[in-house]
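Here is the structure we will look at, set down as structure tokens.
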Amino acid sequence: MTAAQPLLALDSISLSFKGVKAITNISFAVNKGEICALIGPNGAGKSSLLNVINGVYQADEGRITYQGISRTTMHPQWAAKRGVARTFQNIALFKGMSVLDNVLTGTNLKVKSSWLEQVFNLGRAPADALSQRQKAERVIAFLKLQPWRNSIVGGLPYGLQKRVELARALAAEPELLLLDEPMAGMNADEKAEMSRFIVETRREFGTTIVLIEHDIGVVMSLSDHVVVLDYGKKIGDGSPDEVRANPEVIAAYLGTKHGETA
Amino acid sequence: MAAETLPFWLALQAQQRPARVAIRHKQLGILQQSHWQSAHQAVLRAARFLQQQGFDQGDTLLLLSEPRPEALLLSLAAHWLGGVSAPLDPAYAQPQLLDLLHTLRPKFVFAEAQAQVDQVLAAKPDVPLVIYADARGLADYRHPAIHAYSQIIARTVDEALTSVAEGNDVAFRFYRLSALYQLEYRELTHAELLNNGRQLVEQEALTDQEQALAARAFAASGHARYLLSPWLLAGFTLNFPENLATRDTDRRELGPTLVAGTAATYQRLYALTQSRWPLPGSWQYALVAWALRASQTQLPVLATVAHWLVVLPLQDVLGLRRTRVPLLVGEPLSAEAEQFFNAIGIQVRAWPEESAWRTSQLQVIPRQSQDLGNYFGLKALRSAV
Chain A
49 MTAAQPLLAL DSISLSFKGV KAITNISFAV NKGEICALIG PNGAGKSSLL NVINGVYQAD
109 EGRITYQGIS RTTMHPQWAA KRGVARTFQN IALFKGMSVL DNVLTGTNLK VKSSWLEQVF
169 NLGRAPADAL SQRQKAERVI AFLKLQPWRN SIVGGLPYGL QKRVELARAL AAEPELLLLD
229 EPMAGMNADE KAEMSRFIVE TRREFGTTIV LIEHDIGVVM SLSDHVVVLD YGKKIGDGSP
289 DEVRANPEVI AAYLGTKHGE TA
Chain B
475 MAAETLPFWL ALQAQQRPAR VAIRHKQLGI LQQSHWQSAH QAVLRAARFL QQQGFDQGDT
535 LLLLSEPRPE ALLLSLAAHW LGGVSAPLDP AYAQPQLLDL LHTLRPKFVF AEAQAQVDQV
595 LAAKPDVPLV IYADARGLAD YRHPAIHAYS QIIARTVDEA LTSVAEGNDV AFRFYRLSAL
655 YQLEYRELTH AELLNNGRQL VEQEALTDQE QALAARAFAA SGHARYLLSP WLLAGFTLNF
715 PENLATRDTD RRELGPTLVA GTAATYQRLY ALTQSRWPLP GSWQYALVAW ALRASQTQLP
775 VLATVAHWLV VLPLQDVLGL RRTRVPLLVG EPLSAEAEQF FNAIGIQVRA WPEESAWRTS
835 QLQVIPRQSQ DLGNYFGLKA LRSAV
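These protein sequences, in sequence, are chains A and B.
The first sequence finishes on residue 310 if you use our numbering, and the numbering steps up by one all the way, no holes.
The second sequence finishes on residue 859 if you use our numbering, and the numbering steps up by one all the way, no holes.
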């Protein structure tokens, strides 16, 4: 991948479920170190697109280029190994495990020791365990989760669980982080805190972030690049200011001003 | 080197107990240790650096930090050079803190992290020296006065640096804002601190085996009197929590034998217990109430049962099971809290806060809204610098 190439490029991606078109011919690119927001009404195809990017869904048509490698289909394992991590719209944590254990699961991909070495704690396993713990602790400190390090995740407030999910994704040391509604169900303070963590993630680790968010205020202040979807089609793509001024976006998603409709 | 100074005692401990643990601090979930020898070396390196930056006898190092070893070691470095350490209480509200900084116009500052660095730059953009501990968010700062503590400590000291501190020199200065927005201060000399510390060491029979917890280190003068100087005199281990939010967990893990707290410290622990009290009317509530009464009776069987069933678990929850010397500095405890701690076998001992607050010549003028705007527009300021 050359410096001029984007980290992620989607070219004419289409996806359908039993004949129902979820995504139609969508193309856009995400540059390295960028925060890119996918916005659109419910059912616009945002989550489906995220699932296509990390290989949970296979696109019917089109190509995905990630780190300069172009593919017609992505596979979750391939994507994860190449540094794609994600969080989910509905929290998908191990509710009966502690915060630390949940975050440690995010470090598993980088483990070098075999399962046999791990069972008997031999060979590379002790060094792996130490390195995993250090990575997990760094992320816990980064997201200020220390007071809840040993708390069981299921008993934590919703906002904190969202933060733990982000921590688990960051523990994988991703190059591309996909966040599916990271602020859904949060109050204003929690949203501000999560926004700060997202900005700091990019700044401290250089992580490229693609996020889905419904709060337009948050999207416009947080993102470098906004892609707008409506009924599975792209209707806007540009900087927050460009998208804000796009008449098609205003009509379809942001709403028209009073007096302009008459 | 003058004997009645904090640097003298630091050097003495480094000589007598070089390999014993002086400081423990939890970092990334793991306790890190510094021995007396390495603490002494760190102070010398920091002192050398401060000296190179123009810090001289009588100068003040302002501390804007929660309790952490870096703040302690830099304070001692300032003392080494005959200077004063002035910790500002981190509990101050942001506008008041900015007013204080604006009035004090500090020249030498230890700012814990980005938020504190921003506050200092907002109050005095041309500040000559700011040392920070936590580098997060500071990578893009290009201000020439900003230095990382870790880099300062990594430098070696080529030549010996003799402390110029004297017993009557002011070691700590504490500031506060009065209700009338007047700047008030309180000073403690090396000799005063060591006298107070010596009294405590003798009266409580403190040894180098103690484990002390510095949860609100030196923000209040009582902590300097009854934690810092006894630490230097007795040579025990001073433990710092990972951060303020984890102090209760850390206390449970560490099991300190010496706790120097204010009324607020103990009230908070009491409130923590209250919040987890069983519901009135339940058998658990009746059991706890009975046990707290029974633990103080003269009947050994009842007292023992109460001790094992309720008192010990409560001490464990509060992290006070090993606490031999629970000190209360300053304001007295509420009657209920005092009664509770007595019932669980924690005999809180009050130690006086003797020195009076004096009114400063400096008048604090509340900052204008445009100044605060400047604080929030720091990005522009930083790029300009």
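Note that beta-carbon positions come from the ideal geometry of N, C-alpha and C, so glycine has one too.
Assuming residue i and residue j are in contact, meaning their beta carbons sit under 8 Å apart, how far apart are those beta carbons, in whole angstroms?
| i | j | result |
| --- | --- | --- |
| A:Gln194 | B:Asn717 | 6 Å |
| A:Trp126 | A:Gly144 | Rounded, the Cβ-Cβ distance is 30 Å, inconsistent with contact. |
| B:Leu518 | B:Val583 | In fact, because the Cβ distance is near 21 Å, the residues do not count as touching under 8 Å. |
| B:Trp658 | B:Ser834 | Note that residue 658 of chain B corresponds to Glu in the displayed sequence, not to Trp. That belief holds up - the Cβ atoms of B:Glu658 and B:Ser834 are roughly 6 Å apart, short of 8 Å. |
| A:Gln115 | A:Arg130 | 6 Å |
| B:Ala689 | B:Pro541 | 6 Å |
Which stretch, first to last residue, makes up the beta strand (DSSP E) that contains residue i?
| i | result |
| --- | --- |
| B:Ala777 | Premise fails: B:Ala777 lies in the alpha helix (DSSP H), 774–780, not in any beta strand (DSSP E). |
| A:Pro195 | Here A:Pro195 belongs to no beta strand (DSSP E), and DSSP marks it neither H nor E. |
| B:Gln837 | 832–837 |
| B:Phe582 | 582–585 |
| B:His509 | 504–509 |
| B:Tyr659 | 656–663 |
| B:Asp592 | Premise fails: B:Asp592 lies in the alpha helix (DSSP H), 588–597, not in any beta strand (DSSP E). |
| B:Val601 | No beta strand (DSSP E) contains B:Val601, which DSSP labels as neither H nor E. |
| B:Thr534 | 534–538 |
| B:Gln501 | 495–501 |
From residue i to residue j, what does the alpha carbon distance come to, in whole angstroms?
| i | j | result |
| --- | --- | --- |
| B:Thr630 | A:Gly265 | 50 Å |
| B:Thr736 | B:Arg726 | 19 Å |
| B:Leu852 | B:Ala596 | Note that B:Leu852 scores a pLDDT of 44, beneath 50, so its modelled location is shaky and nothing firm can be said. |
| A:Thr153 | B:Lys500 | 23 Å |
| B:Pro752 | A:Arg216 | 35 Å |
| B:Glu478 | A:Asp237 | 50 Å |
| B:Pro704 | B:Leu550 | 14 Å |
| A:Leu208 | A:Lys192 | 10 Å |
| A:Lys183 | A:Ser243 | 22 Å |
| A:Asn294 | A:Ala300 | 10 Å |
| B:Gln593 | B:Gln570 | 11 Å |
| B:Leu603 | B:Tyr623 | 12 Å |
| B:Leu794 | A:Val187 | 30 Å |
| A:Ile61 | A:Met268 | 25 Å |
| A:Val68 | A:Val151 | 37 Å |
| B:Asn669 | B:Leu547 | 21 Å |
| A:Arg292 | A:His262 | 14 Å |
| A:Glu185 | B:Met475 | 43 Å |
| B:Ala777 | B:Asp724 | 29 Å |
| B:Leu855 | B:Arg579 | Unreliable positioning characterises B:Leu855 in this predicted model, as indicated by a pLDDT of 40, which lies under 50. A coordinate reading is not provided. |
| A:Lys66 | A:Leu270 | 36 Å |
For the alpha helix (DSSP H) containing residue i, list its first residue and its last residue.
| i | result |
| --- | --- |
| A:Ile101 | 94–101 |
| B:Gln821 | Neither: B:Gln821 is in no alpha helix (DSSP H) and is coded neither H nor E. |
| A:Lys210 | 206–219 |
| B:Gln490 | 480–490 |
| B:Ser624 | 623–628 |
So, are the CB atoms of residue i and residue j less than 8 Å apart?
| i | j | result |
| --- | --- | --- |
| A:Glu229 | A:Gln137 | yes |
| A:Val132 | A:Leu224 | yes |
| B:Gly556 | B:Gly696 | no |
| A:Thr256 | A:Lys80 | yes |
| B:Arg498 | B:Gly709 | no |
| B:Leu574 | B:Val838 | yes |
| B:Val558 | B:Thr577 | no |
| A:Val275 | A:Asp289 | no |
| A:Val212 | A:Gln180 | no |
| A:Ala189 | B:Leu502 | yes |
| B:Leu792 | B:Thr747 | yes |
| B:Pro492 | B:Gln507 | no |
| A:Lys282 | A:Ile74 | yes |
| B:Arg647 | B:Glu661 | yes |
| B:Ala520 | B:Ile620 | no |
| B:Trp764 | B:Ala639 | no |
| A:Ile83 | A:Ile246 | yes |
| B:Ala585 | B:Tyr606 | yes |
| A:Leu86 | A:Val258 | yes |
| B:Thr731 | B:Arg796 | yes |
| A:Ala220 | A:Thr113 | no |
| A:Tyr105 | A:Leu56 | no |
| B:Leu801 | B:Arg823 | yes |
| B:Leu612 | B:Gln588 | yes |
| B:Arg767 | B:Leu635 | no |
Q | Segments assigned beta strand (DSSP E), at least 3 residues, entirely inside the region 226–310 of chain A | A | 256–260, 273–278, 281–286
**Q.** Complete beta strand (DSSP E) runs within the region 666–730 of chain B (minimum length 3 residues, chain order)
**A.** 685–687, 711–714
Q. Residue ranges of each alpha helix (DSSP H) run of no fewer than 4 residues wholly in the region 71–153 of chain A, ordered along the chain?
A. 94–101, 124–129, 147–153
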